[in-house]
Amino acid sequence: MSLGASWIRSIAGSYRSLMSTAVSRRLQSTAFQGTVSKKSRVRLYALLASSAVIGGTGAYAARLATPDWRTIIDPAHYYEDWQIRAYFSLPLNVVSRLAGGIANREIPVSLRRPLLGLFAKMYDCRMDEAIEPDFESYSSFSAFFNRTLRPEARPISATPLVSPADGIVLHYGKIDDDKVEFVKGHDYNVKEFLGDVEIKPKAGHDLYQLVVYLAPGNYHAFHSPAKWTSEHIRHYPGLLLSVRPALLNRVPHLFCLNERVILNGSWRHGFFSMAAVAATNVGDIAIDADPSVRTNISSRRAARAESVRTECARAFAAGERVGEFRLGSTIVLIFQAPSNVKFAVQAGDALRYGQSLIVDDM
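Throughout the sequence shown, residue numbering follows this note's numbering, covering 1094 to 1455 in sequence.
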C-alpha cells in the first residue's frame, strides 16, 4: 500500500510541477497557515479557486475569439465553425504531455495487476496473445500498450499489402487530383499532408490511401505493410486533436494539422508512404529506425517549429516492426498501385496487423 501511495504522490508531484505558482506554495507553508484561522483559510482558498476558474474561462474565451496561427494555415476555413474552433482552442497539447508522463511512469509492482488488469478488462485486451501475459511484467502503461505478441497470433499474409496495425479501417480508396475526400464536399490535398515529395504518374497505376485507427485497447506498435524502402523521414510538429471518426468526418483537414511522422519511399509499384499521426493523449511516437525523432512538444513550440527531414534509407519486410504509439492513434498509408487493385476490406472493418488488405496479388 505504501508503494501505491508513493506512486500516486509521484504523479501528483509531476502535475504540481507543471501547475504550481508562488501563491500556492505560500498557501501551503506552515508559517502562513499559522497566521489565519481555519475558516479564513477556507474562504481564501474558495476565493482563489473561483478566481482561477474565472481567469481560466476568460483566457479561454480570449483565445477562442482571437485569430491565431491555425486560422492562417486553414485554407478550408474550418475555423468558421465555432464548435470546431472551441474544441481546437482547448489546451490539448498540455493534457497530452501530462498523459504521456503518466503512461511512461513506472508502476509499483503491487499496483500493476489491479491497474493494468482493469484497463485490459475495460478495453478487452487479449492477454493470451502476448508473449508475457502476466501484468506484473509490465513496468508502465507504455510498456503494456506495446507488449510483444506471439508470432502465431499475427501471421503475416503472403499478399503484397498487409495491415500495418491492429485497428479499424476509417477510410480507403483512390486519390483523384491529389485530393483525399473523407466526406462528400470535404477533402484535403495529399501533398499538404505529405510535404515536398514528388509522386511521378505511372501508366496503369493510381494513387490510393488507407487509414487505420488504433483504439486504446489495441496493440500499439505498427509494422511495415509491404516490402518497400524508405528514403527519408519527415516530422511535422503540430496539434494533438482527437482522430475519432466523428471529428474526422467534420474536419478531414485535421490530419494536416496534427503532429505526424511520415516515412516516404517506394515499392515495386511506385511511390509508398507510411505516416503515424499523433492525437489527443497520444503525443508520443517512436520510430525504431530513428530514435532522434522527438514528438509531443508544447503547442507554442509546435506552432513555431518547422518540419524536420531526416534521411532514412531503410529496406522493410512486410510485418517488420516500424515503431510504436504510446496510446493508440492513426496510421495513414498513401501508395501507388495498379488501377485494377481490389481491396479486401471495407470502412469499419476490424484489422490485425499482417492481415491482407487486397484480394489478389498485384
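The beta-carbon is built from N, C-alpha and C at its ideal position, and this holds for glycine as well.
- Counting C-beta atoms within 10 angstroms of its own C-beta, THR1373 has 16 or more neighbours from the protein chains shown and is therefore classed as buried.
- In the structure shown, GLY1441 falls within a coil segment according to DSSP collapsed to helix, strand and coil.
- The segment 1281 to 1300 and the segment 1207 to 1216 do not touch, with fewer than 3 CB-CB distances between them shorter than 8 Å.
- Boundaries of the beta strand (DSSP E) harbouring LEU1356: 1353 to 1360, taken from the DSSP string.
- LYS1214 sits in a helix when the DSSP states are folded into three classes.
- Around the beta carbon of ASP1381, fewer than 16 other beta carbons sit within 10 angstroms, so the residue counts as exposed.
- For ILE1378, the number of other beta carbons within 10 angstroms of its own is at least 16, and it is reported as buried.
- Exclusion of the five residues before and after LYS1293 leaves GLY1363, PHE1364 as the residues of its chain whose Cβ lies within less than 8 Å of its Cβ.
- Between SER1233 and GLN1448, the beta carbon gap of about 28 Å keeps them out of contact (Cβ cut-off 8 Å).
- Approximately 7 Å separates the beta-carbon atoms of TYR1301 and GLY1266; this is inside 8 Å, confirming the contact.
- In this structure, the straight-line span from the alpha carbon of ASP1383 to that of ASP1269 is close to 32 Å.
- According to the DSSP assignment, PRO1338 belongs to the alpha helix (DSSP H) that extends over 1338 to 1343.
- Note that the C-beta distance between ALA1411 and LYS1320 is below 7 Å.
- The residue among ALA1308, ARG1445, ARG1205, ARG1407 with its C-alpha nearest the C-alpha of PRO1248 is ARG1445.
- Assigned with DSSP and collapsed to three states, VAL1434 falls in coil, not helix or strand.
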